[in-house]
Structures are given as C-alpha cells and as structure tokens.
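Report on the following structure.
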Amino acid sequence: MKGEEKLWAILNDKLDTLRATNRLPQAIRVAETALEIAKRAFPGAELPLATSFEKLGQLLDQKGDRATAKAYLLKAHAILEKVKPPDQRAIFRSARRLAFLCDNLGKSEEAISFYEKAIAAGTQLEDIPYSDLGTMLNNVALIFRKSGRQKAAEPYYLHALRIYEKQLGPVHADVASVLNNLAVFYTNERRYTEAENVHLRALAIREKLYPPTHPDIAQSKCNLAVVYHSRGDYAKAAELYRASLKAWEEANEEPSKDYEIVVSNYADLLRSVGKVRKAHQLEVRARKRRSG
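When you read off a place in the sequence shown, starting at 1, and then add 714, the result is the number in the numbering used here.
Laid out in structure tokens, this is it:
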C-alpha cells in the first residue's frame, strides 16, 4: 500500500499543476485515477480520500456538471465529518462549497443546512474573513425571504451585523451596508419604525465617511424616503427623494439603476398628491440624462 500512497501523492501534485494551468479535461482524468487509488490506499475516514473526492467534485463543478460534482463533494464532506479530531477549516471549506452549489442548483433546504455548518465551523476559526461569514448569513436570510419565511430571516441579518461590528467597529462602510440590508428587510415587512431607525444609522455612518454626492448616501436617502412614503409621510419622503436625486445628478456619472428607482418612486409620490405635471417633468429630465 505504501507504493500506492506514493503514487497518489505524485498524481495529486500533477493534478494541482494541471488545475493551475487550466487544463481541465486532463485534470479530470488524473483526478479520477487519483480517486481510484485513494479508495484502495486510504479506506475509511481518511483525509486523503476526502481530498480526492473534493478535488474531482471541484473540477466537475468547474466543467459545469454540477449534479455529478455535488455527489462527489457530499462524499468528501461525509468523510470530513467522521475525522477525529474534526478539522474545522476543512469542514468550513467543504460545507461552504456545498452550500453555494446547492443554492445554485435551487436546493434551498440543503443549502441552508450547509450554510449553517459552514457558519458554525467558520466562527471557530479566527482568520476567516468577516465578509465570508456575512455573505453566507445574508444568503440564508435571502432563501428564507424568498420562501415566505420572513421571521426566520431576521436572526441571520442580526448575526451578520454583530460579526461586522465586532470586526470593524460601529462606523465602517461595510457595517452601513449590512444596516442598509437589514432596514430594507424591515421595510418589506412593514416594520417602518425599525426600518427608519436602522436606515438613519446607516445614513449617519455614510455621511461621516463619504462626500455628499457619494452613491451610497444617495441610496440611503432614497431607502429612507421609501419608508416615509410607505408610511404616508409624503413631505419627508419628498424631501429625501429630492436630496437623493440631487446627489445622483451632482455626481456627474452615468445614471444607474438606483437613480431610476428614485425617479420612479418620486414620480409616483408626486402623482399621488396631484402633481402630475411635475412628475412628468421629472421623468423627462431623467430621460434626457439617460440619452445624454
């Protein structure tokens, strides 16, 4: 068996070289051979066997054969979960990959399970980027929201916020982004008081960090306007829509999708209070900016 272990190591090195040089078909063939040798040389719950299943799964995913890739990655993960003591870094990497794969395949419940495993392992590792954990928490929240389980989504947004604040402090651009996502969630849930408070905090951070015409400030003002608009406080909403439009227009950049949203929302508000001509003038001005 020692000879096969040595051959596996040689093939594994060759595989890494082929992957690094984007020779995918050759890499898959070598990975398949390495896996067959690993099955003989490393029976049971051994890391080299998990490595072979994982590498072949990654290559098949890269090829676009996600269903087959998933089967290999699941076998790798099952081995990693049996290894004692557990390798949290390997479990984190494997669970995260499976979570993203299941998410892309539309297997939402499986994706949630693997996101949970990756988050649990990742929080035990000190050097995992906060953004990796935040992205996964946000993805779980999004799955819950899409499936109509809004109440289940909230703890994931709050968990992401705690991680970002712990890593970055209370005044940071990424903290403001997480706050913005949380506030939008509250708005969609018609929890307008909470949405207002969280949007105000995100806006305060952004105003400390950026010049007045920065897109993130314009975004925050629009999102806060939506809260007031939804609540029927048209005067406050109109003021913030105007401020958001002013920021976008003074930035002298190509109109973005967010700019279009502000125009559409403000025009709707103007029509709802009988200012039809003003709404039309606003839309004409926006069209000229798009064509100019």
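Glycine is no exception: its CB is placed at the ideal position from the N, C-alpha and C atoms.
Assigned exposure category for residue i - 16 Cβ within 10 Å defines buried
{"i": "Gln772", "result": "buried"}
{"i": "Asp727", "result": "exposed"}
{"i": "Glu746", "result": "exposed"}
{"i": "Asp930", "result": "buried"}
{"i": "Leu954", "result": "buried"}
{"i": "Leu839", "result": "exposed"}
{"i": "Gln995", "result": "exposed"}
{"i": "Lys753", "result": "exposed"}
{"i": "Thr901", "result": "buried"}
{"i": "Val990", "result": "exposed"}
{"i": "Ala792", "result": "exposed"}
{"i": "Gly778", "result": "exposed"}
{"i": "Gly848", "result": "buried"}
{"i": "Ala835", "result": "buried"}
{"i": "Glu964", "result": "exposed"}
{"i": "Ser845", "result": "exposed"}
{"i": "Lys935", "result": "buried"}
{"i": "Leu736", "result": "What sits at residue 736 in the sequence shown is Asn, not Leu. So Asn736 counts as exposed."}
{"i": "Leu813", "result": "For the sequence presented, residue 813 should be read as Ala rather than Leu. Buried, by the Cβ-count rule."}
{"i": "Ala734", "result": "exposed"}
{"i": "Ala695", "result": "Residue 695 lies beyond the residue range present for the chain, which begins at 715 and ends at 1006; the question has no answer from this structure."}
{"i": "Ala781", "result": "exposed"}
Among the options, nearest to residue i - alpha-carbon criterion
{"i": "Glu830", "options": "Ile793, Tyr870, Gly820, Cys936", "result": "Tyr870"}
{"i": "Ala993", "options": "Arg1003, Arg1004, Asn979, Lys1002", "result": "Asn979"}
{"i": "Asn818", "options": "Asp775, Arg863, Glu718, Ala932", "result": "Asp775"}
{"i": "Thr765", "options": "Leu788, Pro843, Phe899, Val987", "result": "Leu788"}
{"i": "Phe833", "options": "Ala783, Arg803, Leu959", "result": "The displayed chain sequence assigns Ile, not Phe, to residue 833. For Ile833, the nearest C-alpha among the options comes from Arg803."}
{"i": "Arg743", "options": "Leu770, Tyr900, Thr735", "result": "Leu770"}
{"i": "Val898", "options": "Ala916, Lys716, Gly883", "result": "Ala916"}
{"i": "Ser1005", "options": "Asp982, Ser970, Leu983", "result": "Ser970"}
{"i": "Glu886", "options": "Arg920, Arg904, Leu914", "result": "Residue identity differs from the one stated: residue 886 is His in this sequence, not Glu. If we check each option's Cα against that of His886, Arg920 comes out closest."}
{"i": "Lys796", "options": "Pro884, Asn736, Gly883, Leu763", "result": "Leu763"}
{"i": "Glu709", "options": "Glu910, Thr735, Leu725, Thr731", "result": "The question about residue 709 has no answer, for the chain in this structure spans 715 to 1006."}
{"i": "Ala981", "options": "Arg956, Pro799, Glu718", "result": "Arg956"}
{"i": "Glu910", "options": "Tyr786, Arg863, Ser944, Pro800", "result": "Ser944"}
{"i": "Pro799", "options": "Leu761, Tyr786, Gly820", "result": "Leu761"}
Coil, strand or helix - residue i by DSSP
{"i": "Thr907", "result": "helix"}
{"i": "Thr927", "result": "coil"}
{"i": "Lys769", "result": "helix"}
{"i": "Thr837", "result": "coil"}
{"i": "Lys935", "result": "helix"}
{"i": "Thr735", "result": "coil"}
{"i": "Asp947", "result": "coil"}
{"i": "Ser845", "result": "helix"}
{"i": "Gly717", "result": "helix"}
{"i": "Val977", "result": "helix"}
{"i": "Leu667", "result": "As shown, the chain starts at 715 and ends at 1006. That puts residue 667 outside it, with no answer to give."}
{"i": "Leu917", "result": "helix"}
{"i": "Val987", "result": "coil"}
{"i": "Ala825", "result": "helix"}
{"i": "Leu954", "result": "helix"}
{"i": "Ala965", "result": "coil"}
{"i": "Leu856", "result": "helix"}
{"i": "Leu713", "result": "The structure shown does not extend to residue 713, since the chain spans only 715 to 1006, so no value can be given for it."}
{"i": "Leu749", "result": "helix"}
{"i": "Ser970", "result": "coil"}
{"i": "Leu851", "result": "helix"}
{"i": "Leu725", "result": "helix"}
{"i": "Ser861", "result": "coil"}
Chain C within 9 Å of residue i, Cβ atoms only
{"i": "Leu996", "result": "In the structure shown, chain C cannot be found, because there is only a single protein chain."}
Under 9 Å between C-beta atoms of residue i and residue j
{"i": "Thr927", "j": "Ala961", "result": "yes"}
{"i": "Ile877", "j": "Leu893", "result": "no"}
{"i": "Trp722", "j": "Ala748", "result": "yes"}
{"i": "Val854", "j": "Ala825", "result": "yes"}
{"i": "Ser822", "j": "Lys784", "result": "no"}
{"i": "Val671", "j": "Leu875", "result": "Only positions 715 to 1006 of the chain appear in the structure, and residue 671 is not among them; the question remains open."}
{"i": "Ala932", "j": "Tyr973", "result": "yes"}
{"i": "Met942", "j": "Val987", "result": "The question names Met, yet the displayed sequence has Tyr at residue 942. No, Cβ-Cβ distance for Tyr942 and Val987 is not below 9 Å."}
{"i": "Val912", "j": "Ala939", "result": "no"}
{"i": "Cys816", "j": "Phe806", "result": "no"}
{"i": "Glu868", "j": "Arg811", "result": "no"}
{"i": "Leu732", "j": "Leu738", "result": "yes"}
{"i": "Phe864", "j": "Glu903", "result": "Looking at the sequence provided, one finds Gln at residue 864 rather than Phe. Result yes, Cβ atoms of Gln864 and Glu903 sit closer than 9 Å."}
Any non-hydrogen atom of the ligand FMN within 8 Å of residue i CB
{"i": "Arg780", "result": "As far as ligands go, the structure on display features none, and thus does not contain the ligand FMN."}
Let me know the alpha helix (DSSP H) ranges lying completely inside the region 753 to 802, each 4 residues or longer, listed in chain order. Fully enclosed alpha helix (DSSP H) runs of 4 or longer: 761 to 777, 780 to 796.
Which residue spans inside the region 864 to 908 form an unbroken alpha helix (DSSP H) run of at least 4? Entirely contained in the region 864 to 908, the alpha helix (DSSP H) runs reaching 4 residues are, in chain order, 864 to 882, 887 to 902.
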